[in-house]
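Peer 1: Quick mapping for you: the protein sequence lines, in order, are chains A and B. Read in this note's numbering, the first sequence has 193 at position 188, and its numbers run on one by one without any break. Read in this note's numbering, the second sequence has 64 at position 24, and its numbers run on one by one without any break. Have a look at this one.
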Amino acid sequence: MTVAVDAPTEGWGGQGWAPSSTPVIELRGITRVYRSGRLEVAALRGVDLDIWPGDFLAIVGPSGSGKSTLMNIIGCLDRPTSGVYRLGGTPIESLTDDDLARVRGRAIGFVFQSFNLLPRTNALENVATPLLYQGVGRRERHARAEAVLERLGLADRATHEPSELSGGQQQRVAIARALVGEPALILADEPTGNLDSASGAEVIGLLHELNAAGTTIVLITHDTDVANHARRQVHVRDGLLLQ
Amino acid sequence: MSPFELIRLAISRLGTSRLRAVLTMLGVIIGVGSIVALVAVAEGATSGITDRIQGLGTNLLTVTPGATFTNFTRGAAGSATTLTVEDADALAKLTGVAAVEPEVDTQKTVIAGLQNTTTSIIGTTPAFPAVRSYTMWQGSFLNQASVDGSLRVAVLGATTADDLGLDGSSIGSYIEIGGLPFQVIGILQPKGSTGPVSQDDQVLIPISTAHHYFVSGDSVRSIGVSVASADQIDATQALMTVTLEQRHGTNGTNDDFSIQSQAQLLSTFSSVTGLLTLLLAGIASISLVVGGIGIMNIMLVSVRERTREIGIRKAVGARSGDILFQFLVEALVLSLLGGLIGILVGVAASAAIGAVAGWGFVFNPLTVVVAVGFSLLVGVVFGVWPARQAARLDPIASLRYE
């Protein structure tokens, strides 16, 4: 089943490693089977999905539907049991674990429900961490991290540690960290789940802004209200996409 | 990631929990500190005793009764005469021998006025200062006439003179040794070397006098032989052995005496102290191993505590190798820093012990190199396993870890 997708009118500019005519993410017949002893559980049972540059897609499903597994696979934290996954045209099945780590660092920016900032580390260092693993020098790391914090209105919080920030601020720092490496897409897993409604709205607003500026965003949520903010939605149920 | 970035990351991480870092390092500090201190103490003691052995005299061969002597006296007490004054006289006639000094000794109470002390009374000959490297401070030494006449005259060691409250003005005065009056004719210059047994606490009297009043028979405790020049020592030792074997009717397999050169004494001694140093260092290394286990323990706790951090780092692009090195470098920084502090502690401790014991400050740069090497080794050996545990963590499970 194919979905009518608005043809992307703009690339996500700046990366240049994928022309706007090809999808950022291309999933074909993805399955994921967990094995515990003799028991086999299929979390995904054949998923086809294209995500285009500049897309703002919500993957919606209740817990246990397989949406977390799908997110782990899209985020290169996990590998599919079968099927083809192309990220920017590159099949990831052939990549080693170290290559996958590199892809995570360069092509994907994660935003988690529980923020997942490094404790006892200030906002600036947190934002700069992905660049550390790309081998970017200290001065450039800090300059780029400062620029992103500035863009998200957090310049005055750069030296604060996560414990000194509100939930909304922490999630914005996490979004800054996701953005700093100029990834192909941002993968946001229940980004408003731990926030009050005002902070949640702020974060959703921020994602809209980023998308308007060209960033591809994939939002994973069980909350249809949140999902309605996305440009399009796919629903996961029992390991299959209902579109 | 460059090594520099890893070290910076490790130091900033350890800086956030200073108390824990210090307590973790304590094991290595104690281990390295005690190795450095114990080795320095062993070396200091060795050099102190070596100095004393060298202070005993130059080109010195010492003849002592052998093991059979002990068995013999046990069988027939009092009749032991394996080494005699006559043996000493015979040795004195050999070529290459500069001077010969037979000795007997006993312990007696010495009284001068109201002062008294118990010390060793050594019966000897006029050759004593030449053979044993003593010089006179006051008065004169025993002469041949005093030996020939078995005179009751005495030369005091510097310490003994001090103990008895005697000085230069006391030459010619009388002291009591074992209840008999002796005239003080001289006081020796102190040797100045240190150790538990003083070479300056003794009273020297003519050997004939000692045999007459204090020691029955004409056996001697030892014969000191001064060889004319250093290159004749081996030849002279061989000649002496032959002469004594002829006199005693032995043939090399049942010799009742032994001749030791200073070189032998030194090598015997240094093999003993070398073993002692090794033993002490071995015991101290156990504490270093315990310190290493402490580091491993804390690193394992740390990996468990920081599971989520590891997950985050992997999610934002850290490879397993990055995580491995991050934790390994943390362990290395802990052990190396502990090692450096331990060296400082050990050097300070050995300087303090040296000052108290009197051999001064002994410092061997090799110890520092070895100590640093060992602490690095400890860091690697006990840091690799926790670091591997960290590197192997599954990012998905780590991110969910509470």
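Each residue gets a CB set at the ideal place from its N, CA and C atoms; glycine is no exception.
From A/Leu184 to A/Gly158, what does the alpha carbon distance come to, in whole angstroms?
Peer 2: Reading the first sequence from its first residue, position 179 is the one you call residue 184 of chain A. Reading the first sequence from its first residue, position 153 is the one you call residue 158 of chain A. Whole-angstrom Cα-Cα distance: 14 Å.
Peer 1: Are there three or more Cβ pairs, one per stretch, closer than 8 Å when the stretch 60 to 68 of chain B is compared with the stretch 331 to 338 of chain B?
Peer 2: Taking 8 Å as the limit for Cβ pairs, the verdict is that the stretch 331 to 338 of chain B does touch the stretch 60 to 68 of chain B.
Peer 1: Between B/Ser266 and B/Val171, is the Cβ-Cβ spacing less than 7 Å?
Peer 2: Position 226 of the second sequence, counting from 1, holds the residue named residue 266 of chain B. Position 131 of the second sequence, counting from 1, holds the residue named residue 171 of chain B. Going by C-beta atoms, B/Ser266 is nearer than 7 Å to B/Val171.
Peer 1: As a quick exercise: from B/Gly88, B/Gln429, B/Gly413, pick the residue whose alpha carbon is nearest that of B/Val499.
Peer 2: What the structure shows of chain B is the stretch from 41 to 442, and residue 499 of chain B is not part of that stretch, so it cannot be assessed.
Peer 1: Let me confirm a value: B/Gln155 is counted as buried when at least 16 other C-beta atoms fall within 10 Å, else exposed. Which label applies?
Peer 2: Looking up residue 155 of chain B in the second sequence gives position 115. It counts as exposed.
Peer 1: Could you list the residues in the stretch 358 to 382 of chain B with a C-beta less than 9 Å from some C-beta on chain A, going in chain order?
Peer 2: Going along the stretch 358 to 382 of chain B in chain order, one finds Ala358, Arg359, Ser360, Gly361, Asp362 with a Cβ nearer than 9 Å to chain A.
Peer 1: Check each residue of the stretch 129 to 140 of chain A: if its Cβ is closer than 8 Å to any Cβ of chain B, include it; give the result in chain order.
Peer 2: Under the 8 Å Cβ criterion, the stretch 129 to 140 of chain A contributes Thr134, Pro135, Leu137, Tyr138, Gln139, Gly140.
Peer 1: Look at the alpha carbon of B/Lys341 and the alpha carbon of B/Ala430, and state the distance between them as a whole number of angstroms.
Peer 2: The residue you call residue 341 of chain B lines up with position 301 of the second sequence. The residue you call residue 430 of chain B lines up with position 390 of the second sequence. The residue asked about is misnamed: residue 341 of chain B is Val in this sequence, not Lys. So the alpha carbons of these two residues sit roughly 11 Å apart.
Peer 1: Provide the residue span of the beta strand (DSSP E) that contains B/Pro142, from first to last.
Peer 2: In the second sequence, residue 142 of chain B corresponds to position 102, counting from 1. 137 to 152 is the extent of the beta strand (DSSP E) around B/Pro142.
Peer 1: Label B/Leu319 either buried or exposed according to how many other C-beta atoms from any shown protein chain fall within 10 Å of its C-beta, with 16 as the threshold for buried.
Peer 2: Translated into the one-based positions of the second sequence, residue 319 of chain B becomes position 279. That one is exposed.
Peer 1: Against chain A, with Cβ distances strictly below 7 Å, would B/Glu349 count as a contact?
Peer 2: Taking the first residue of the second sequence as position 1, residue 349 of chain B is located at position 309. True, the Cβ-Cβ gap to chain A drops below 7 Å.
Peer 1: If the cut is a Cβ gap below 9 Å, which residues of chain B does A/Arg40 touch?
Peer 2: The count along the first sequence starts at 1 and reaches residue 40 of chain A at position 35. Near A/Arg40 there are no residues of chain B at all, since even the closest Cβ is about 15 Å away, more than 9 Å.
Peer 1: Are the CB atoms of B/Val193 and B/Thr165 within a distance shorter than 7 Å?
Peer 2: Counting from one through the second sequence, the residue named residue 165 of chain B turns up at place 125. Counting from one through the second sequence, the residue named residue 193 of chain B turns up at place 153. No, the Cβ-Cβ distance between B/Thr165 and B/Val193 is not below 7 Å.
Peer 1: Give me, in chain order, the residues of the same chain whose beta-carbon lies closer than 7 Å to that of A/Pro135; leave out the 5 immediate sequence neighbours on both sides.
Peer 2: By one-based count along the first sequence, residue 135 of chain A stands at place 130. Answer for A/Pro135: Gly110, Arg182, Val185, Gly186, listed in chain order.
Peer 1: Apart from the five residues on each side of it in sequence, which residues of its chain come closer than 6 Å, Cβ to Cβ, to A/Pro85?
Peer 2: In the first sequence, residue 85 of chain A corresponds to position 80, counting from 1. These residues qualify, in order along the chain: Ile35, Arg37, Ile78.
Peer 1: Quick check: the stretch 52 to 70 of chain A against the stretch 97 to 104 of chain A, are at least 3 beta-carbon pairs closer than 8 Å?
Peer 2: Segments in contact, no.
Peer 1: Can you check the stretch 171 to 214 of chain A for any alpha helix (DSSP H) of at least 4 residues that lies completely inside it and give the ranges in chain order?
Peer 2: Within the stretch 171 to 214 of chain A, the complete alpha helix (DSSP H) runs of at least 4 residues are 172 to 185.
Peer 1: Consider the Cβ of B/Pro435: report whether some Cβ of chain A lies at a distance smaller than 7 Å.
Peer 2: Numbered from its first residue, the second sequence carries residue 435 of chain B at position 395. Yes - at least one Cβ of chain A is within 7 Å of the one on B/Pro435.
Peer 1: Given a cut-off of 7 Å, decide if B/Glu143 and B/Arg261 are closer than it, judged by their beta-carbon atoms.
Peer 2: On the second sequence, position 221 is the one that residue 261 of chain B refers to. On the second sequence, position 103 is the one that residue 143 of chain B refers to. Taking 7 Å as the Cβ cut-off, B/Arg261 and B/Glu143 qualify as a contacting pair.
Peer 1: Take B/Ile393 as the anchor and find which of B/Gly208, B/Glu83, B/Gly379 has the nearest alpha-carbon.
Peer 2: Sequence index remark: in the second sequence, residue 393 of chain B carries index 353 (1-based). Of B/Gly208, B/Glu83, B/Gly379, the residue nearest in Cα terms is B/Glu83.
Peer 1: Who does A/Glu130 pair with in a DSSP beta bridge?
Peer 2: Position 125 of the first sequence, counting from 1, holds the residue named residue 130 of chain A. DSSP output for A/Glu130 lists no bridge partner at all.
Peer 1: Restricting to Cα atoms, I'd like to know which of A/Asp230, A/Val116, A/Leu154 is closest to A/Ala133.
Peer 2: Taking the first sequence and counting its residues from 1, one reaches residue 133 of chain A at position 128. A/Ala133 has its Cα closest to that of A/Leu154, out of A/Asp230, A/Val116, A/Leu154.
Peer 1: If the criterion is Cβ atoms closer than 7 Å, does the pair B/Ala371 and B/Ile335 meet it?
Peer 2: In the second sequence, counting from the first residue as 1, residue 371 of chain B sits at position 331. In the second sequence, counting from the first residue as 1, residue 335 of chain B sits at position 295. Taking 7 Å as the Cβ cut-off, B/Ala371 and B/Ile335 qualify as a contacting pair.
Peer 1: Check distances from the C-beta atoms of the stretch 96 to 124 of chain A to those of chain B and list, in chain order, the residues that come in under 8 Å.
Peer 2: Against chain B - using a Cβ distance shorter than 8 Å - the residues of the stretch 96 to 124 of chain A are Asp102, Asp103, Ala106, Arg107, Arg109, Gly110, Arg111, Phe115, Phe117, Asn121, Leu122, Leu123, Pro124.
Peer 1: For the putative contact between A/Val116 and A/Ala193, defined by C-beta atoms under 8 Å, what is the C-beta separation to the nearest angstrom?
Peer 2: What you label residue 116 of chain A is simply residue 111 of the first sequence in a count that begins at 1. What you label residue 193 of chain A is simply residue 188 of the first sequence in a count that begins at 1. Confirmed, Cβ separation roughly 4 Å.
Peer 1: Quick one: measure Cβ to Cβ for A/Thr221 and A/Pro58, integer angstroms, because I've assumed they're closer than 8 Å.
Peer 2: As a working note, residue 221 of chain A is residue 216 in the first sequence. As a working note, residue 58 of chain A is residue 53 in the first sequence. Indeed they touch by this definition, with Cβ atoms about 6 Å apart.
Peer 1: Taking 7 Å as the CB-CB limit, is A/Asp230 close to chain B?
Peer 2: Start at 1 with the first residue of the first sequence, and residue 230 of chain A comes out as number 225. By this cut-off, A/Asp230 is not an interface position.
Peer 1: Check the Cβ of B/Arg353 against every Cβ in chain A and list those closer than 8 Å, keeping chain order.
Peer 2: In the second sequence, counting from the first residue as 1, residue 353 of chain B sits at position 313. Under the 8 Å cutoff, chain A gives Leu123, Thr134, Tyr138.
Peer 1: Please tell me whether B/Gln175 and B/Gln229 are closer than 7 Å, where the distance is taken between their beta carbons.
Peer 2: Within the second sequence, the letter at position 135 stands for residue 175 of chain B. Within the second sequence, the letter at position 189 stands for residue 229 of chain B. A small correction: the amino acid at residue 175 of chain B is Thr; Gln does not occupy that position in the sequence shown. Taking 7 Å as the Cβ cut-off, B/Thr175 and B/Gln229 qualify as a contacting pair.
Peer 1: Please identify the residue among B/Arg346, B/Ala355, B/Val409, B/Leu368 whose C-alpha is closest to the C-alpha of B/Pro435.
Peer 2: In the second sequence, the residue the question calls residue 435 of chain B occupies position 395. It is B/Ala355 whose Cα lies nearest to the Cα of B/Pro435.
Peer 1: Can you tell me whether B/Met41 is helix, strand or coil according to DSSP?
Peer 2: Here residue 41 of chain B refers to the residue found at position 1 of the second sequence. The answer is coil: DSSP assigns B/Met41 none of H, G, I, E or B.
Peer 1: Among all the DSSP beta bridges, which residues are the ones paired with A/Glu98?
Peer 2: Start at 1 with the first residue of the first sequence, and residue 98 of chain A comes out as number 93. In DSSP, A/Glu98 forms no bridge with anything.
Peer 1: Where do the ends of the beta strand (DSSP E) carrying A/Glu31 lie?
Peer 2: Translated into the one-based positions of the first sequence, residue 31 of chain A becomes position 26. From DSSP, the beta strand (DSSP E) with A/Glu31 extends over 30 to 41.
Peer 1: Would you check if there are 3 or more beta carbon pairs closer than 8 Å linking the stretch 121 to 138 of chain B to the stretch 264 to 281 of chain B?
Peer 2: Yes, since at least three Cβ pairs between the stretch 121 to 138 of chain B and the stretch 264 to 281 of chain B fall closer than 8 Å, the two stretches touch.
Peer 1: Suppose you measure from the CA of A/Val89 to the CA of A/Leu245; what does that come to, to the nearest Å?
Peer 2: The residue given as residue 89 of chain A occupies position 84 in the first sequence. The residue given as residue 245 of chain A occupies position 240 in the first sequence. Between A/Val89 and A/Leu245, the C-alpha separation is close to 16 Å.
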